Structure formats: C-alpha cells, structure tokens
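Residue numbers (the numbering used here), protein chains in the order written: chain A, 51 to 513; chain B, 226 to 559.
Note that CB positions come from ideal geometry on N, CA and C, so glycine has one too.
Since the model is a prediction, treat every value here as computed from it, not as a measurement.
The structure appears right after this line, and notes come after that.
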C-alpha cells in the first residue's frame with residue numbers, strides 16, 4: 051500500500067515541483083508584452099503615445115537600432131526622416147534608413163529573404179509584390195494591430211486592399227491619389243475655357259483645342275495632354291484609372307484578373323485615339339514613365355496632365371517651378387455625366403520581416419506610422435495623402451495646405467479603388483506590352499487586350 | 226616567385242628562401258639537399274614541398290574566389306534545375322526549365338534582339354573607335370586634349386548617360402529632333418523610342434556612344450606598341466598608307482582587336498541599364514533583350530528557377546562568342 055502511494059505520489063510531487071519552478075522562472079524571466087489595445091485613440095490623437103509596455107519591451111529586447119529600407123534617397127523623403135526622429139525620441143531605438151532606387155528594391159529584398167537574412171527589419175511595400183511576399187511567408191502577420199474599430203479610422207477601401215486570406219501583414223505608409231487634373235488656367239482661358247473639364251467629352255474637346263502649332267512650321271509646339279504609356283506600373287495604371295471611371299474593375303468577384311472587359315477596351319481605344327487620330331498627345335507617350343509628363347507640363351509643352359496629387363507641392367513651389375502661379379488642380383473628369391468618379395489610389399506600406407530579430411521595435415514603428423501624427427507629417431512635408439482619415443480634420447493640415455488641393459484630396463478620397471492581387475508585377479508587364487502594341491497601332495485595342503488576357507490566363511492558370 | 230637557373234639547365238623556384246648567389250655558387254637554398262642540410266630543427270615552411278607551399282599561400286584567394294565566383298555559378302546551375310512555388314521553396318525539377326525554354330517563343334525573339342543589339346553596338350563602337358584611335362595615334366597638335374575629350378563618355382555612369390539620351394531623344398523637347406528639323410532633314414519629329422523599328426536602333430546608338438572611349442583606349446594602346454620602324458621600312462618599300470594599314474597595322478593589332486571585341490561584345494550582350502532606363506523593353510517588346518527577360522522572370526514573375534536556366538544559357542552563348550573570337554583572331558605572333 052505504502053509502495054503504491056509512493057509510486058503515485060512521486061510523479062505528482064515531481065509535477066508540482068516542475069510547475070512551481072516553471073512558474074517562478076516565468077515570473078523571473080517573463081518578457082513584457084505590449085498591450086496594443088485600445089488602438090483607435092492612440093492613432094487618431096494629435097500626438098501619438100506608445101502602447102502600454104512598449105518602451106519596456108523594447109528595452110528588454112536589447113534593440114538599439116532597426117533597419118528600414120526606403121524607396122529612393124532620403125533627401126526626397128523629409129517626412130520619413132522626421133518620423134524616424136520622433137520614433138527614436140519615443141523608443142530610444144535608432145532608425146537606419148537604407149535608400150534604394152525603386153527598381154532595385156524588390157530584387158534586393160528578394161535576395162535578403164531567400165537568404166533568410168535579418169538584414170532588414172522594416173520592409174517597404176507596394177501593390178506589385180505584397181501578396182507574393184505574404185504567400186512566401188516573408189512578412190509577419192500584423193493582425194493584432196487591426197481591430198474592427200481601427201478599420202473605421204481609415205479610408206473604406208483599405209481593408210479590401212491589404213487583407214490577404216483574412217490576415218493583414220502591413221500598415222499603410224501613405225497613399226497617392228493618382229488622378230488629379232493639372233491644368234494651366236491662363237492657357238485654358240486664352241482658348242475660351244473658364245473652368246477645367248468635368249467629363250471626358252469636355253476634356254477631349256479642350257485637349258484638341260489646346261494642341262497647337264504656335265509658329266506655323268507644321269510641328270506641334272503645345273500638346274493638349276500627355277499620359278504615361280511606358281514603364282510597367284505607370285502604363286498599367288493609366289489604363290486602370292480610365293477603366294475605373296467606366297465602372298470596371300480588374301479583380302473580379304471570383305478572384306480572377308480581367309483586363310479585356312468592354313470598359314477596358316473602350317478606355318484603351320480612347321487613349322489610342324488621343325495618340326493616333328486626334329494627335330493631342332506626343333507620339334512618345336509609349337515611352338513615358340513616372341515624371342515624364344510632369345516635366346513636359348512644367349516646360350509648358352503640355353497644357354493638361356492627370357498625375358498624382360503629390361505633384362502639387364513641386365509644381366507650386368516657386369523655387370522649383372517656373373509656372374507656380376499658373377497651375378490649377380481639379381478632380382479628374384468623369385467618363386460621362388453622373389458616372390463614377392472612382393480614384394485610383396496607389397498604396398505604399400510598411401511590413402515587418404519574418405527574419406527580423408527586432409520585431410517588437412518594428413511592430414511599434416508600424417503602429418506609429420499609420421497614426422495621425424506620422425500621416426500629418428507626410429501630407430505637410432511631402433503632400434502624400436493619408437489613409438488615416440483623422441488627418442483631414444487636423445488643424446495644422448487645414449491651415450497649411452491650399453484649399454484647392456485639399457478639396458481635390460477630400461473629393462477623391464470619397465470613392466477610391468486600390469486593387470492588390472498576387473503576381474501583380476507580372477500582370478502589369480503583360481498588360482503594358484499590349485497597351486503599347488495598341489498605342490503604336492500594331493494591334494487594335496480589342497486584340498491587344500485579348501492577347502494580354504490570354505497570356506494572363508496562361509501565367510496565372512485561370513480559365 | 227624568384228627563379229634561378231641550375232647548372233643542369235632546369236629552374237628552381239623559391240618564394241621564401243633568400244638566394245645568395247655569388248660567382249655562380251648557390252650559397253643557401255633549402256630545396257637543394259646537397260647545398261644545405263639541417264635535420265635538427267627544420268621550420269614548417271621548409272619541410273613542405275614547393276607546390277604545397279604555393280597552394281597554401283594562394284589558399285585565401287582561392288577561398289574568396291570560390292565564395293564569390295564558383296559558388297554563385299554552381300548555385301545558379303542548381304537553381305536552373307529547380308522550381309519555386311508560391312511559398313518560395315525550391316523543388317528540384319531536373320531539365321524541365323531547359324525544355325520549357327526551348328519551346329518558349331519569347332526566348333528566341335529576345336535572344337535575336339540581343340544578338341542584333343550586340344552586333345550593331347559593337348560594329349558601330351569598334352569602327353568609330355578604330356577611326357578615332359588611328360587619328361589620335363598621329364602626333365598632331367591638340368592630340369592630348371582630343372584624347373581627353375574622347376574619353377569623357379566613359380566617365381559618365383551608363384544610367385546617367387541613358388537619362389541624358391532619353392531627353393535628347395524626346396520628340397517634344399529633344400535636341401536631336403530639333404537639330405534634324407532645323408537642318409531640314411525631317412519634317413516631323415521622330416519618335417525615337419516609341420517606334421518599334423527605331424527603338425532598338427536608338428538603344429544601339431546609346432550603347433555605342435558609351436562604349437567608343439573604351440575601344441579607343443585599348444586600340445590606342447595596341448597601336449602604340451607597334452614599332453615605328455616597321456612603318457618606316459614599309460614606307461621605304463613604297464607601301465601606301467592603306468597598304469601600311471592593312472599589311473602592318475591590322476596584323477599586329479590583331480591580339481588587341483580580339484581583346485577589345487571580346488570585352489565589348491560581352492558587355493553589349495549583357496547590357497541592362499540602358500534598356501531599363503530608356504524603354505523597359507517597349508514599345509511592345511521591340512527592345513526586350515535576353516537579359517531583361519531574365520530580370521523580368523526573376524524579379525517581376527518570381528520564377529527564379531526559369532530565370533536561372535535562362536542565365537545558364539546566356540553564359541553558354543557568351544562562351545561560344547569567346548570561342549568564336551579566339552578562333553577568328555588566332556595569331557602566330559606570340
């Protein structure tokens with residue numbers, strides 16, 4: 051009997067001792083957990099405050115510095131620099147930004163991730179490869195930063211854009227409204243137009259009138275319009291922007307990617323007409339990439355362009371622009387009266403590397419960067435639009451930004467679309483090739499987009 | 226390495242030992258046992274053979290070479306036989322990627338574009354470079370100044386040069402169209418980068434412009450090494466300038482020409498920055514090259530296995546080009 055008891059008691063005693071030891075060690079060596087909730091008050095107040103336990107968790111993690119890759123050199127991103135300084139002041143963790151040319155960013159990141167290297171903690175992302183990075187398991191899930199209440203503080207389209215299979219792996223850094231209409235009021239007035247166009251019909255008429263051979267030598271000196279028909283993303287966005295205004299979308303309800311819808315063909319046919327029939331755009335639009343149309347507008351060679359709202363800061367800066375006093379900004383013209391005014395919204399995001407060994411600090415960076423304080427710096431210093439809607443009612447923003455610009459931003463943010471899907475880079479590459487074939491007259495718009503769709507179906511293995 | 230001749234006629238190489246040679250007697254050389262024998266305390270380096278010692282001192286360099294050259298090459302070869310799924314895990318698929326490449330119509334089109342680009346760019350840069358090098362080889366006034374000017378394009382990074390050319394090609398503000406219009410050579414601006422048939426030619430011109438100084442430098446060095454006496458002798462024999470060029474200059478310049486063409490061709494075949502900056506392969510795919518196709522497959526389509534296989538084929542094509550030049554320019558002078 052005694053032996054039996056002993057036999058039972060011994061293991062029980064052992065379990066008790068182990069449990070106590072585990073408990074004690076848990077108390078002694080426990081890491082402080084960050085209490086992320088409540089989120090909404092923290093990210094919508096004028097000044098961001100660290101979540102409870104954040105500072106202590108960072109100290110315990112021993113992180114002294116985290117590395118964030120950045121699109122381009124920091125001289126172009128004063129808001130990122132300022133936000134980095136604020137973050138360091140709050141957490142005691144230094145930010146090391148590594149600026150890379152856009153075209154080198156993804157190859158570099160892919161090399162780092164394939165090597166499972168912790169060389170980068172904070173990953174800059176755009177729509178092209180976000181989903182691919184998620185599927186590869188290279189990004190940490192950030193679901194704990196997104197509660198139902200939190201979503202309400204952001205533009206309505208955000209959730210659909212960044213949720214992948216019900217999980218979120220990023221926070222928005224900035225958005226860019228790609229579809230502001232820039233025009234030269236003096237030129238429009240001289241041609242008899244007192245207001246910018248509101249529909250495509252008006253726009254096309256004005257573009258034709260503003261395409262002029264000033265000196266009568268048979269060579270056009272001023273074009274009515276210019277668009278990006280080159281690059282990869284730029285050219286694809288040109289088509290998508292016009293598709294949205296015809297009520298079309300790329301990602302269908304069943305998840306398939308469609309670029310040869312009737313609206314897409316109609317949109318491309320109009321672009322082709324602009325180049326080859328009406329001749330209101332330069333022939334070289336097929337090679338225009340980001341910034342090329344803007345340069346022609348600045349140089350007075352083009353009367354109207356549809357470009358991101360972020361261009362407004364450049365063009366109205368008297369030190370950089372010779373036409374700062376003669377620039378108007380308006381919402382893009384709609385396809386037809388009463389038609390949708392959907393703006394194509396480009397998104398830049400921050401994610402946390404799965405291989406980072408300073409993830410606590412990186413999570414806090416993400417939490418801070420989608421806050422009102424960080425987004426106010428972005429819009430004031432770089433005119434990068436916010437996803438966080440509390441920014442638009444910020445006193446400093448209202449006081450410092452021009453009314454015309456702010457009105458366009460508010461108007462555009464009412465109806466936005468940002469479509470993110472897997473293999474976006476590949477799809478854009480296929481589509482831009484065929485857009486150019488249509489623009490150069492090698493194929494009809496219908497044939498070009500049908501060919502693009504066939505290739506997309508083949509590559510994505512969709513029916 | 227220091228080499229000294231033995232009485233028997235062979236060579237003894239020694240890197241470590243100090244050779245003290247006085248009146249044809251070798252005073253100290255640890256590698257000749259009859260000269261000195263010290264069996265009590267022999268230093269480690271004295272005990273190992275010459276070849277092992279040589280291997281040891283080159284080992285660090287060999288290791289670095291293995292890491293930065295051999296390993297990546299082997300890795301690419303291995304990756305060319307893999308496929309990356311959505312989770313980016315490599316799966317061995319054997320020869321599948323290679324079979325796929327040989328049924329891929331784009332591969333043949335873009336390889337053809339690459340060969341046209343390479344041939345055009347090298348032909349222009351070599352011909353123009355040769356003419357300028359011959360002119361600069363003459364001792365004329367301002368030759369030094371002209372040489373400096375001719376080398377300027379080489380000092381400009383290709384991306385910067387490409388952006389500059391992009392503006393020059395612009396059909397609205399570009400200087401090229403402006404000049405041609407003013408000269409009355411064209412009535413409407415040309416769409417240099419937007420016209421399928423002009424775009425590749427436009428890229429070739431940019432490449433040639435960047436490459437010409439490189440050709441000049443190498444050819445000029447080759448020309449300077451040809452003894453002046455040969456020209457004087459040819460001149461006395463009544464050879465014309467053309468004869469001197471074809472019978473003296475060209476044959477003696479052959480090795481330099483081979484090196485120049487080899488390097489220029491390899492550089493042209495792998496050109497990326499010019500295409501990427503100017504056209505990104507457009508319009509359509511008129512300027513898509515093999516190297517941009519590799520880039521797109523790897524970094525746009527995330528098909529690392531397929532792009533690795535394309536890279537392997539590209540290396541093979543480059544080796545074939547090298548063999549071709551070596552055969553064509555084989556000389557008996559050296």
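Problem set entry | residue 511(B) and residue 426(B) closer than 8 Å at C-beta | no
Exercise. Using a C-beta to C-beta distance shorter than 9 Å, which residues of chain A count as neighbours of residue 515(B)?
Worked result: Within chain A, no residue comes near residue 515(B); the closest Cβ sits about 16 Å away, beyond 9 Å.
Problem set entry | CA-to-CA distance, residue 370(B) to residue 246(B), given in whole angstroms | Confidence is the limiting factor: at residue 246(B) the pLDDT is only 40, short of 50, which leaves the residue's position unreliable, though a coordinate-based value still follows. Cα-Cα distance, rounded: 50 Å.
Problem set entry | Min CB distance residue 331(B) to chain A below 8 Å | no
For this session: Kindly indicate which three-state DSSP category residue 364(B) falls into: helix, strand or coil?
Result: In this structure, residue 364(B) counts as coil in the three-state DSSP scheme.
For this session: Could you tell me which residues DSSP puts in a beta bridge with residue 231(A)?
Result: BP columns for residue 231(A) point to 356(A) and 380(A).
Problem set entry | Classification of residue 246(A) by the beta-carbon crowding that lies within 10 angstroms, buried from 16 upward | By the 10 Å Cβ count, residue 246(A) comes out buried.
Problem set entry | Between the CA atoms of residue 376(B) and residue 304(A) - distance to the nearest angstrom | Cα to Cα, the separation comes out at about 59 Å.
Exercise. For residue 483(B), which of 459(B), 382(B), 366(B) and 551(B) has the nearest alpha-carbon?
Worked result: Answer by Cα proximity: 551(B).
Exercise. Who are residue 217(A)'s beta bridge partners in DSSP?
Worked result: 214(A)
Exercise. Within this structure, are the beta carbons of residue 361(B) and residue 445(B) separated by less than 8 Å?
Worked result: yes
Exercise. Along chain A, in chain order, which residues have C-beta atoms closer than 8 Å to that of residue 306(B)?
Worked result: Under the 8 Å cutoff, chain A gives no residues; its nearest Cβ is about 16 Å from residue 306(B).
For this session: May I have the straight-line CA-CA distance separating residue 83(A) from residue 308(A), to the nearest angstrom?
Result: 45 Å
Exercise. What residue range is occupied by the uninterrupted alpha helix (DSSP H) comprising residue 145(A)?
Worked result: Note, residue 145(A): premise wrong, no alpha helix (DSSP H); beta strand (DSSP E) at 144 to 150.
For this session: For residue 413(B), go through chain A and note every residue whose CB falls closer than 8 Å to its CB, in chain order.
Result: Per Cβ cutoff of 8 Å: 268 and 269.
Problem set entry | Exposure of residue 416(A), with buried meaning 16 or more beta-carbon neighbours within 10 Å | buried
Problem set entry | Beta carbon of residue 398(A) nearer than 8 Å to that of residue 129(A) | At the C-beta level, residue 398(A) and residue 129(A) stay beyond 8 Å of one another.
Exercise. Going along the chain, which residues of its own chain have a beta-carbon closer than 8 Å to the beta-carbon of residue 446(A), five neighbours each way excluded?
Worked result: Non-local C-beta neighbours of residue 446(A) in its own chain, meaning closer than 8 Å and more than five positions away in sequence, comprise 426 and 430, ordered along the chain.
For this session: Select from 465(B), 503(B) and 277(B) the residue whose C-alpha is nearest the C-alpha of residue 387(B).
Result: 503(B)
For this session: Can you give me the Cβ contacts of residue 258(B) inside the same chain, cut-off strictly under 8 Å, excluding the 5 residues immediately before and after it?
Result: The pLDDT assigned to residue 258(B) is 47, lower than 50, so where the model puts this residue is not dependable; a value taken from the coordinates is nonetheless given after this. Counting only Cβ-Cβ distances below 8 Å, and skipping sequence neighbours, we find nothing.
For this session: Using a cut-off of 8 Å between C-beta atoms, extract the partners of residue 338(B) located in chain A.
Result: Those do not exist, as residue 338(B) stays about 14 Å from chain A at its closest Cβ, beyond 8 Å.
Problem set entry | Selected residue, minimal CA-CA separation from residue 407(A), among 360(A), 319(A) and 111(A) | With distances taken between Cα atoms, residue 407(A) lies closest to 111(A).
For this session: Note down, in chain order, all residues in the region 108 to 120 of chain A with a beta-carbon under 9 Å from any beta-carbon belonging to chain B.
Result: For the region 108 to 120 of chain A, there are no residues whose beta carbon sits under 9 Å from a beta carbon of chain B.
For this session: Below 8 Å CB to CB, which residues in the same chain sit around residue 480(A) once its five sequence neighbours on both sides are set aside?
Result: 502, 505, 506 and 509
Problem set entry | Whether residue 271(A) touches residue 263(A) by CB criterion (8 Å) | Taking 8 Å as the cut-off, the Cβ atoms of residue 271(A) and residue 263(A) count as close.
Exercise. Among 71(A), 167(A), 345(A) and 98(A), which has the Cα closest to the Cα of residue 357(A)?
Worked result: 345(A)
For this session: Write down the C-beta distance between residue 530(B) and residue 309(B) rounded to the nearest angstrom, noting that I regard them as a contact closer than 8 Å.
Result: 6 Å
Exercise. Can you find a C-beta in chain B that's less than 8 Å from the C-beta of residue 160(A)?
Worked result: yes
Exercise. Where do the N-terminal and C-terminal ends of the alpha helix (DSSP H) with residue 521(A) fall, by residue?
Worked result: With chain A covering only 51 through 513, there is no way to say anything about residue 521(A).
Exercise. Leaving out the 5 sequence neighbours to the left and right, which residues in its chain are closer than 7 Å to residue 90(A) when beta-carbon positions are compared?
Worked result: 199, 200 and 203
Problem set entry | Close beta carbons around residue 382(A), own chain, < 6 Å, minus the five adjacent residues each side | 229, 231 and 356
Problem set entry | As assigned by DSSP and simplified to three states, the class of residue 439(B) | helix
For this session: For the region 480 to 502 of chain A, enumerate the residues whose C-beta is nearer than 8 Å to any C-beta of chain B, in chain order.
Result: 482, 483, 484, 486, 487, 489, 490 and 492
Problem set entry | Selection of the region 379 to 412 of chain B by Cβ proximity to chain A, strictly under 7 Å | 395, 396, 397, 398, 406 and 412
Exercise. Looking at chain B, which residues of the region 348 to 365 of chain A have a Cβ within less than 9 Å of any of its Cβ atoms?
Worked result: Contact residues of the region 348 to 365 of chain A toward chain B are 349, 351 and 352 (C-beta to C-beta distance below 9 Å).
For this session: Count the other CB atoms, across all protein chains shown, that sit within 10 Å of the CB of residue 96(A); report buried if there are 16 or more and exposed otherwise.
Result: Residue 96(A) is exposed by the Cβ-count criterion.
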